Amino acid sequence: MDLPWLPIGLSSVAGSFVLVHNAPQYSISASYVKTFLVLETIQILLGLLWEAILYPKLFSPIRHLPQPKGGSFFNGQLKRISAEPTGEPHRDWIKNVPNEGLIYYTTILNQGRLLLTSPQALSEVLTTKSYDFIKPQQLRNGLGRVLGIGLLLAEGDEHKRQRKNLMPAFAYRHVKDLYPVFWEKSIKLVNGLMSVARKEGKESVKSIDNAAMVDISGWFSRATLDIIGVAGMGHDFDAIDNPDTKINVTYRSVFSPSRQQRTMALLGLFLPQWFLRALPVAHNNKIVESSNTIKEVCRELIREKKEKLDQKQKRVDADILSVALESGGFTEEDLVNQMMTFLAAGHETTASAMTWAFYLLCLHPEVQTRLREEIRANLPPIDDTETVTAASLDQCHYLHAVCNEVLRVYSPVPGTIREAGRDTSILGQYVPKGTKILLSPWAVNTATSLWGPDADKFNPDRWMGPGKANSGGAESNYAFLTFLHGPRSCIGQAFAKAEFACLMAAVVGRFEVKIADEDFKLVIKGSITAKPKNGLTVRIKPIEGW
C-alpha cells in the first residue's frame with residue numbers, strides 16, 4: 000500500500016502543534032501526543048478508504064479489464080494467491096479468463112495487478128518500453144538485503160552501465176571456456192552421490208533393490224554453489240564435500256522460507272520497509288546475519304582477486320569476477336553487490352531447475368532412458384580424463400531439448416513483478432504510474448494459446464526437429480519467459496544453460512533415478528524460487544558401463 004507515510008506524519012505533527020497552540024479546544028486534552036495520534040489515525044483511515052475501496056472500485060482506469068471470478072470485496076484474490084504456490088493461480092487465469100493480453104486482479108486491500116498474457120504485451124514491457132517499468136521499491140529493499148543492489152535490482156542508467164561492463168564475462172565465447180569447470184564439478188557431484196549409493200559412512204541410507212535413498216535437491220544446491228564459486232569468483236567453496244561450510248549453511252537458511260518470513264513479505268505490501276526492519280523478530284536478525292556473512296565472504300574474495308591481478312598485471316583466470324575487475328568499471332562496493340547477486344541467483348535457480356528436472360524424469364522413465372543413451376553415445380565416460388566441451392555437448396540434441404522443456408514447464412522463478420515508473424501504456428491501455436505488473440513464466444510458458452493443447456505436458460520432443468531447437472515450436476520467443484527478454488533479460492542465460500546441461504548429463508549418464516515414495520504427492524513451496532516442499536527424495540541406482 001503506497002500511502003505517503005512521511006507527509007502523513009509531518010502533517011500530523013504540524014496539525015497537533017497548531018491545534019494545541021492556537022485552538023486547544025479542538026485538540027485532544029491539549030496534548031501534543033494525543034492530538035498527533037488522532038490526526039495520524041484519521042489520515043491513515045482516509046488514505047486506506049481511498050486506496051482500498053474508492054480508487055480501485057470507482058476510479059482506477061484499468062478496473063474494466065478482464066478479471067478472474069470470485070475474490071473478496073476487500074482483498075480480491077489474496078486468499079487464493081496465499082493458499083496456492085506462486086504462479087499457479089496465474090496459470091489458471093491465463094487459460095480460463097478471456098482476455099486480449101491483459102488481466103486485472105486485486106490482492107490485499109484491493110491493490111491492483113496487471114497480468115501480461117500475450118507476446119505483444121510482454122514485448123512492450125520487456126523490450127520497447129522496458130525502462131518505463133521498474134522493480135518496486137519494496138522488492139528492491141527486501142531482495143537487496145540478500146542479493147545486493149547489483150545488476151538484478153539496478154535501474155535506468157545505472158543498470159545500463161552495469162550490464163555493459165559485465166557483458167564480456169557472460170559472452171558465449173567466454174562461457175565456452177568455463178565448460179571444463181562445469182564438467183569437473185558435475186563429476187564431483189556424481190562421485191559424491193556414488194559414495195552415498197555405496198553407503199560409505201552414510202548410516203541413514205536405506206538400500207532398496209541396490210538403490211540408495213537420497214534428498215537430491217540438497218546435493219544440487221551444493222554443486223551449483225561450488226560452480227558459481229569457481230566460475231564466478233575463482234574460489235572453491237567445497238560445498239559438495241562439506242555441506243556445513245558457512246556460506247552453504249547461510250544460503251540454505253535464507254532460501255528456506257519460514258512462516259514468519261512469509262508474514263513479513265505480506266506485511267511488506269502495505270507497510271514501509273523501515274518499519275518492518277525495525278521489528279524485533281527473528282526473521283530480521285537472520286537476514287542481517289546472513290547478509291553480513293555473504294558480504295564478508297564476497298569482500299574477502301574480491302580483495303584476494305585484486306591482489307592476484309596486481310601481481311600478474313594481466314588476467315589469467317576465466318571467472319566472472321576477474322573479467323569484471325579487468326573492466327575497471329566497478330568500485331569494491333559495486334563488486335560486492337554484483338557478487339552477492341551472482342552467488343545467490345546464480346546457484347539457487349539452477350539448483351531448482353535440477354530438482355524439477357529429476358522430478359520430471361522420475362515421472363517419465365522413458366525420457367530418462369532415451370536421454371541416458373544419447374549422453375553415453377556422445378560424451379566421454381564419467382571416469383575418463385577427457386573433459387566435456389561446448390562442441391561435444393552440442394551433439395546432444397535431446398539433452399538440450401529436455402533441459403529446455405524442464406525450464407518451460409517449471410521455471411525456477413515462477414513470477415516477477417514490475418511497477419510503472421511513469422504514466423505509460425500497454426497495448427494502448429493507459430497504465431498510471433505506480434501500477435504493478437506481473438510477469439509470470441509459470442503462466443506464459445504453459446499457456447495453451449501459445450503452446451497448443453498439450454501446453455501443460457512435459458514433452459521434450461517439441462524442441463526436436465528443424466526450426467524447433469530454440470523455439471519449441473512456439474510462434475513467438477515471448478512464449479518462453481524463463482529468462483525474460485530485452486535489456487532486463489537474464490545476463491547469465493548462456494552460463495546457466497551450459498551448467499544445467501553438464502550437471503544433467505553427468506548425473507543421468509551415471510544413475511537411474513526413481514521417486515523414493517510411490518505415493519509421493521507434489522507440494523510446491525516458494526519464495527524467490529519454487530521447489531518441491533521438503534526437497535525431493537529419490538532412489539539412485541548406479542548404471543555401470545559409462
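To convert, note that position 14 of the sequence shown is 13 in our numbering; the numbers rise steadily by one, no gaps.
All C-beta atoms, glycine included, are put in the ideal place defined by N, C-alpha and C.
Just so you know, these numbers come straight off a predicted model, no measurement behind them.
Run of the alpha helix (DSSP H) containing residue i, from where it starts to where it stops
i: residue 7; result: 4 to 21
i: residue 393; result: 389 to 393
i: residue 179; result: 178 to 196
i: residue 156; result: 155 to 169
i: residue 225; result: 215 to 232
i: residue 276; result: 272 to 277
i: residue 62; result: Residue 62 -> no alpha helix (DSSP H), and no H or E assigned at all.
i: residue 530; result: No alpha helix (DSSP H) contains residue 530, which is instead part of the beta strand (DSSP E) from 529 to 531.
i: residue 33; result: 31 to 48
i: residue 74; result: Taken as a continuous stretch (DSSP letters only), residue 74 belongs to no alpha helix (DSSP H), as it is neither H nor E.
i: residue 325; result: 319 to 326
i: residue 397; result: 396 to 408
i: residue 246; result: 245 to 253
Own chain, CB closer than 6 Å to residue i, minus 5 neighbours either side, in chain order
i: residue 379; result: 385
i: residue 443; result: 480
i: residue 199; result: For residue 199, the predicted structure reports a pLDDT of 40, less than 50, and the residue's modelled location is therefore unreliable. A value from the coordinates is still provided. The answer is none, since no qualifying residue turns up.
i: residue 522; result: 532
i: residue 13; result: none
i: residue 61; result: 103
i: residue 272; result: 140
i: residue 112; result: 104, 435 and 437
Residue of the options minimising C-alpha distance to residue i
i: residue 416; options: 533, 151, 317 and 216; result: 151
i: residue 359; options: 339, 340 and 403; result: 403
i: residue 534; options: 542, 225, 524 and 540; result: 524
i: residue 529; options: 503, 449, 284 and 412; result: 412
i: residue 506; options: 463, 418, 190 and 421; result: 190
i: residue 121; options: 26, 488, 62 and 531; result: 488
i: residue 181; options: 517, 349 and 427; result: 349
i: residue 515; options: 296, 537 and 31; result: 537
i: residue 297; options: 336, 213, 218 and 435; result: 336
i: residue 158; options: 486, 545 and 544; result: 486
i: residue 357; options: 55, 500 and 156; result: 500
i: residue 132; options: 147, 294, 153 and 143; result: 153
Cβ-based burial, residue i [other Cβ within 10 Å; buried from 16]
i: residue 134; result: buried
i: residue 326; result: exposed
i: residue 166; result: exposed
i: residue 229; result: buried
i: residue 71; result: exposed
i: residue 333; result: buried
i: residue 17; result: exposed
i: residue 169; result: buried
i: residue 341; result: buried
i: residue 466; result: exposed
i: residue 23; result: exposed
i: residue 474; result: exposed
i: residue 11; result: buried
i: residue 145; result: buried
i: residue 346; result: buried
i: residue 207; result: In this predicted model, residue 207 has a pLDDT of only 49, less than 50, meaning its place in the structure is not dependable; the value taken from the coordinates is given anyway. With fewer than 16 other Cβ atoms within 10 Å, it is exposed.
i: residue 421; result: exposed
i: residue 171; result: exposed
Extent of the continuous beta strand (DSSP E) run through residue i
i: residue 525; result: 523 to 525
i: residue 418; result: 415 to 419
i: residue 424; result: 423 to 425
i: residue 539; result: 536 to 541
Same chain, Cβ closer than 7 Å to residue i, neighbours up to 5 away in sequence not counted
i: residue 593; result: Coverage of the chain is limited to positions 0 through 545, which leaves residue 593 absent and any answer about it impossible.
i: residue 453; result: none
i: residue 406; result: 352 and 481
i: residue 85; result: 413, 414, 525 and 529
i: residue 370; result: 397, 398, 401 and 507
i: residue 127; result: none
i: residue 88; result: 76, 79 and 80
i: residue 459; result: 366, 397, 400, 401 and 404
i: residue 478; result: 118, 443, 449 and 450
i: residue 424; result: 430
i: residue 287; result: none
Spatial neighbours of residue i in its chain, beta-carbon cut-off 8 Å, leaving aside the 5 residues before and after
i: residue 367; result: 360, 361, 507, 511 and 512
i: residue 438; result: 115, 121, 124, 125, 414, 415, 416, 417, 480 and 483
i: residue 8; result: 39
Which parts of the stretch 429 to 515 are runs of the alpha helix (DSSP H), unbroken and 4 residues or longer, counting only runs that do not cross its ends? 440 to 443, 447 to 450 and 492 to 509
Which complete beta strand (DSSP E) runs does the stretch 79 to 153 hold, if anything under 3 residues is left out? 101 to 105 and 111 to 115
As an exercise, report each continuous alpha helix (DSSP H) stretch of at least 4 residues that is fully enclosed by the stretch 338 to 381, in chain order. Runs found: 364 to 377.
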